[in-house]
Amino acid sequence: MSRPLLCKRPGEWPLPPDPGESRLLLDLIPDPLIVARGPRRKIIAINRAGQFLLACPEAEEVRDRELIDFFHEEDQHRLLSLGGDGAADPTPILMKMRHDDSWRPVAVMGGRRLSPRGEERWVYRIQVLEESGVGLEQQMEQHKRRASDAVRTSLRIFHLTEKIRTAPQLSTLLIGVRDEDDFFQRAGSLLCSEGLGYRDVKIWSYTDGNKELAWCSDPTKPNKGPETTDDPGRRQLLLAVGDGVPGGLLELSIDPRELKLLEEAPLLMEWHEEVLGTIGEILALTLQNLRLHAQLEQQALLDPLTGIANRLYLGSQLEKEVSRALRNGGELGVLFADLDGFKGVNDVLGHIVGDELLREVSSLLTNFFRESDHVCRYGGDEFVVLLPGSNLQDMELKGRDLLEEFRNNRFLDGKAREVSKLSLSVGVTALREGVTSEDLLDEADAALYRAKRGGRDRVVVVRPDQMEDL
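If you count by this note's numbering, then the sequence shown holds residues 496 to 965, one letter each, in order.
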C-alpha cells in the first residue's frame, strides 16, 4: 500500500544526516571502501578498513592523495577503467597493491556515479587475498558475488547520502520558475534526474476542488486519478504548507534496489522519509508562492469597484495588441466611452448608488462585446474597449449598436434616468500605418470629446482625412 506523507512545518525540516553517522555505516563494512574523484582518482573518503589497508591511522592523511599511486604501474590503467561506463564492474579484478616494500594481491571492484551536483565519483571495494595458486583462484570465485553486492551497496549508500544532503537545495533549483507549467515541468524533471533518481513521478494540481495531472514522467500511462497501491516503494505526498489546504499531490516510486537497502537499514529509511517530507514542503511552498503572486498580479490589473480590467492592464494590453496586429498584418479598433449625466446620479442618489451604476454599465459592456475584446475602466465614468480584428467600419457599426443597447437599458431599475439625462458618448478609431498605441488612445479620446461637444449620446469616428479637425 502506498505510504502517504504529510509535509512537516518549515521549522521541522530535517537537517542533512550527521557525517559521523554516515561514517559509522561505512565503518561497519569489513572490507576497505574508498571514494575518489578526478582522472587521477584523488581520495575524498575512506572507511576504517581502508585506512588500515593504506597504513594511515587518520583519514585526513590520505585525503586528496592519488589512489593509483598505491597500485602497481601495470595495474593503474585497469583501476582507471573500472566503472568507466557508469555502472559497477560485476567482476573483481586481480591487481597488485603496495604493501611496505613489496606488492600483495588484491581483488578490486569499482563503479562510477554522478553526484546530484553532476560531479563524478568512483567507489572502490578492495579485498586482500592470500598469495597461493589454487587458493587465490578459490578466493576470487568465492568473493565474486560478495564483492559485487558490496560495491553496489556502497555505491547506493554513497548515492543515498548525497541525495539526503542535496534535497534541501531543491528550492534553489526552482528559483526563477515563470509560472505553474514551468514549475511542474522543472520539479518533475529534477525528481527524475540522476541526482534524485525517483521513478514514475506524477504531480497533480489541486485548484478550486478540481484535480488535474500537471506533469507525468511517462505520458503513455493512463491519466487516472491518484490510486492506492500495494507497492511498498510507492509514495504519495500532499503538497500542503502546514495545516493549509493542499495545492497538489506528488506521487513517485523508489528504485527497487534502493528500497531494498532502505528496508535493511532503518536509519537510512528514516532519513529518506524525512527527505521526502522536505521535498514535499519545498514544492508546496514554491507552488503556494507562485499562486499568491499570480493572484496579486491579477488583482493589480483589475478595477476593485467594477471587477473589469483597469487602466494599468489597458496600457500593457494595448501595446501587445498593436505589436501583434502590425506583426501579422491584422486590424485593431479602439473605443473610448464616457457616461453623460453621471454627476447628476451621484448628486441626487448618492455615491453608493453611483458606484452601483458603474457596476451595471461595466456588466453591460462585458456582455455586449466579444470574449476576445478587452473591456477596461479608464477612470471615473470613462471606459475603453480594445477590439482585435476590427477595422474603422466595424468600429463605427459597433459604436452605434452600443448606443442603442445603452438607450434600451433601465439602469438602477429606471431611477437613473428619472434624476438625470443619462446617456453615452463614444469615440472610435482604428490602427493604421505609422500610428502608435499612444496615438490610438489620444485619437479615441479626442473623438470622444467631439461627441460630447456635439450634443452627447452619439458616436464620433476618427477618419484619416479629418485628423486636423480633432
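Note that beta-carbon positions come from the ideal geometry of N, C-alpha and C, so glycine has one too.
Residue i burial status per 10 Å Cβ neighbour count (16 or more: buried)
i       : result
SER597  : exposed
LEU936  : buried
LEU787  : exposed
ASP564  : exposed
PHE547  : exposed
HIS572  : exposed
GLU792  : exposed
VAL1037 : Since the first residue shown for the chain is 496 and the last is 965, residue 1037 is missing from the structure and cannot be characterised.
ARG819  : exposed
LYS916  : exposed
ASP798  : buried
ARG481  : Here the chain has residues from 496 to 965 only, and residue 481 is not among them.
GLU938  : buried
LEU827  : buried
VAL629  : Because the pLDDT of VAL629 is 47, which lies under 50, any placement of that residue in the model is unreliable, and the number read from its coordinates should be weighed accordingly. The residue is exposed, with fewer than 16 neighbouring Cβ atoms inside 10 Å.
ALA789  : exposed
ASP835  : buried
LEU800  : exposed
LEU892  : exposed
Those residues which DSSP pairs with residue i across a bridge
i      : result
THR702 : ASN705
PRO619 : Checking the sequence shown, residue 619 turns out to be Tyr, not Pro. Partner(s): ILE529 and GLY605.
SER918 : ASP835
CYS871 : ALA804 and VAL879
TRP479 : Residue 479 cannot be examined here, being either before or after the span of the chain that is shown, 496 to 965.
ILE588 : VAL603
LEU830 : VAL880 and VAL923
TRP710 : ILE698
VAL955 : GLY922
ARG797 : For clarity, residue 797 is Leu in the given sequence; the question names Arg instead. Answer by DSSP bridge pairing, in chain order: ALA804.
Candidates the options: closest to residue i by CA position
i      : options                           : result
ASN805 : HIS869, LEU852 and ASN823         : HIS869
HIS846 : GLY828, LEU821, GLU814 and ALA911 : ALA911
ASP876 : ARG953, GLY849, LEU686 and THR715 : GLY849
ASN784 : GLY671, GLU900, PHE863 and VAL557 : GLY671
GLU707 : VAL955, LEU821, LEU744 and GLY578 : LEU744
THR724 : LEU747, ALA735, GLU556 and GLU891 : LEU747
GLY533 : GLN793, GLY606, ALA779 and GLU614 : GLU614
PHE841 : ASP833, LEU852 and PHE831         : Note that residue 841 corresponds to Asn in the displayed sequence, not to Phe. Cα-wise, what sits closest to ASN841 is LEU852.
VAL623 : PRO525, GLY606, ASP676 and ARG560 : PRO525
LEU732 : ALA779, ALA540, ALA832 and ASP934 : ALA779
ARG865 : LYS716, VAL880, GLU855 and VAL740 : VAL880
PHE878 : ASN886, GLY922, GLU900 and LYS838 : GLY922
LEU609 : CYS551, TRP617 and LEU763         : TRP617
ARG558 : GLY578, SER576 and ARG536         : ARG536
LEU926 : ARG951, GLU814 and LEU665         : GLU814
SER700 : LEU754, PHE678 and LEU691         : PHE678
TYR619 : ASP908, ALA789, PRO527 and GLU759 : PRO527
GLY894 : ARG612, ASP674 and ASP833         : ASP833
PRO741 : MET890, LEU821, ASP908 and THR702 : THR702
PRO883 : VAL829, LEU762 and LYS838         : VAL829
VAL770 : ALA946, ARG612 and LEU691         : LEU691
GLY949 : ALA602, LEU919 and VAL914         : LEU919
Beta-carbon proximity list for residue i, same chain, < 6 Å, skipping 5 on both sides
i      : result
ARG958 : none
ASP522 : ASN542 and ARG543
LEU510 : In this predicted model, LEU510 has a pLDDT of only 42, less than 50, meaning its place in the structure is not dependable enough to derive any value.
TYR944 : none
ARG666 : Note that residue 666 is Ser in the sequence shown, not Arg. Around SER666: ILE777.
Residues of its chain near residue i, where Cβ-Cβ distance is below 8 Å and the 5 sequence neighbours each way are ignored
i      : result
ARG681 : LEU668, LEU669 and VAL672
SER693 : Rather than Ser, the amino acid found at residue 693 in this sequence is Tyr. Cβ within range, chain order: LEU686, CYS687, LEU747, SER748, ILE749 and ASP750.
GLY683 : VAL696, ILE698, TRP710, CYS711 and SER712
TYR873 : ARG806, LEU809, PHE831 and VAL879
LEU907 : VAL840, LEU844, VAL848, GLU851, LEU852 and GLU855
Sequence-distant residues of its chain with Cβ nearer than 7 Å to residue i (five each side left out)
i      : result
TYR808 : LEU796 and CYS871
ASP570 : MET590 and LYS591
SER627 : Below a pLDDT of 50, predicted positions are generally treated as unreliable, and SER627, at 48, falls in that range; no measurement from the model is reported.
LYS503 : Since pLDDT at LYS503 reaches only 45, below the 50 mark, its modelled position is unreliable, and the value read off the structure follows with that caveat. The answer, listed in chain order, is GLY772 and GLU776.
PHE863 : LEU897 and GLU900
ARG951 : ASP835, SER918 and SER920
GLU689 : LEU609
Residue i: CB within 7 Å of a non-hydrogen atom of the ligand FMN
i      : result
GLU913 : This structure simply doesn't include the ligand FMN, nor any ligand for that matter.
Uninterrupted beta strand (DSSP E) stretches inside the stretch 520-573 (no shorter than 3 residues): 528-532 and 537-541
4-residue-minimum alpha helix (DSSP H) runs that sit fully inside the stretch 672-697, ordered along the chain: 675-687
Unbroken stretches of the alpha helix (DSSP H), 4 residues or longer, contained in the stretch 919-952: Listed in chain order, they are 932-948.
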